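Participant:
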Amino acid sequence: MSNAANYARNERLRDGTAVEIRGIRPDDQAAMLAALGQVGTQSLQRRFFMLKRHFSEKERAFFVEVDFKNHVALVACVANAGRSTIVGGARYVAAGPGCAETAFMVIDAWQGRGIGGLLLRHLISLAREAKLKELTAEVLPDNAAMLRVLGRFGFERAERCEPHTVHMALTLT
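Residue numbering for the sequence shown follows the working numbering, beginning at 88 and increasing consecutively.
Shown next, in the form of structure tokens:
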């Protein structure tokens, strides 16, 4: 396990809301599932490429039991009624030597406020620390918001045979 497991940074959204970006922990499982319960059909479709509401025990473990080497996961938390609430998450998973695939989810009520960009910035920083050479993302063509966020961080469209997704790649230097 790397220092990414203990990663925690305090940030502010564009509207001034305080948000903590930190490494996910195994005890976040219930909070993660609660966050997924606040995600609409379209957002679930865009994240999982299918409508997915129920997750097996193995899938739930995958989300929260990460090694912070080949699989790094961050959550965005905000204070809500005196406690910390997960409102988004991002991860990268090794896909080959020096390469990892990224994925993101922000609950609907918090979309468009800059959480995805914050998560991506911190994920890129951790990927560089880990000496990765490339981050990739598969995005549905109608997910214009995610394509814009990735584009702002330097991801470019890359050739891929899969006709139903847009393959985006960022070379880390």
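Even for Gly, the Cβ is constructed at its ideal location relative to N, Cα and C.
All of these numbers come straight from a predicted model, not from anything done at the bench.
Are Phe240 and Ala256 closer than 9 Å when you measure CB to CB?
Facilitator: No, Cβ-Cβ distance for Phe240 and Ala256 is not below 9 Å.
Participant: Thr49: which of Ala166, Asp229, Val153 sits nearest, CA to CA?
Facilitator: Because residue 49 is not part of the residues shown, which for the chain are 88 to 260, the question remains open.
Participant: Could you name the residues that DSSP lists as bridge partners for Gly110?
Facilitator: According to DSSP, Gly110 bridges with Leu161.
Participant: Under 6 Å Cβ to Cβ from Ala245, same chain only, skipping five residues before and after it: list those, please.
Facilitator: Excluding residues within five positions, the ones whose Cβ falls inside 6 Å are His254, Ala256.
Participant: Are there three or more Cβ pairs, one per stretch, closer than 8 Å when the segment 175-194 is compared with the segment 149-167?
Facilitator: Touching, per the Cβ criterion.
Participant: Am I right that Leu100 and Gly199 are in contact with their C-beta atoms under 8 Å? What's the rounded C-beta distance?
Facilitator: Going by Cβ atoms, the distance from Leu100 to Gly199 rounds to 10 Å, so no, they are not a contact pair.
Participant: Short of 7 Å in beta carbon distance, which residues of its chain neighbour Leu205, apart from the five on each side in sequence? Order them along the chain.
Facilitator: Closer than 7 Å at Cβ, skipping near neighbours: Glu98, Val106, Ile108, Ala163.
Participant: With Glu216 as the anchor, note down where its beta strand (DSSP E) starts and where it stops.
Facilitator: It is not in any beta strand (DSSP E) - Glu216 instead sits in the alpha helix (DSSP H) that spans 202-216.
Participant: Whole angstroms are fine: how far does the CA of Ser143 sit from the CA of Arg208?
Facilitator: C-alpha separation (whole angstroms): 30 Å.
Participant: Answer yes or no: do Thr189 and Leu222 have a C-beta to C-beta separation smaller than 9 Å?
Facilitator: Cβ distance < 9 Å, so Thr189 and Leu222 count as in contact.
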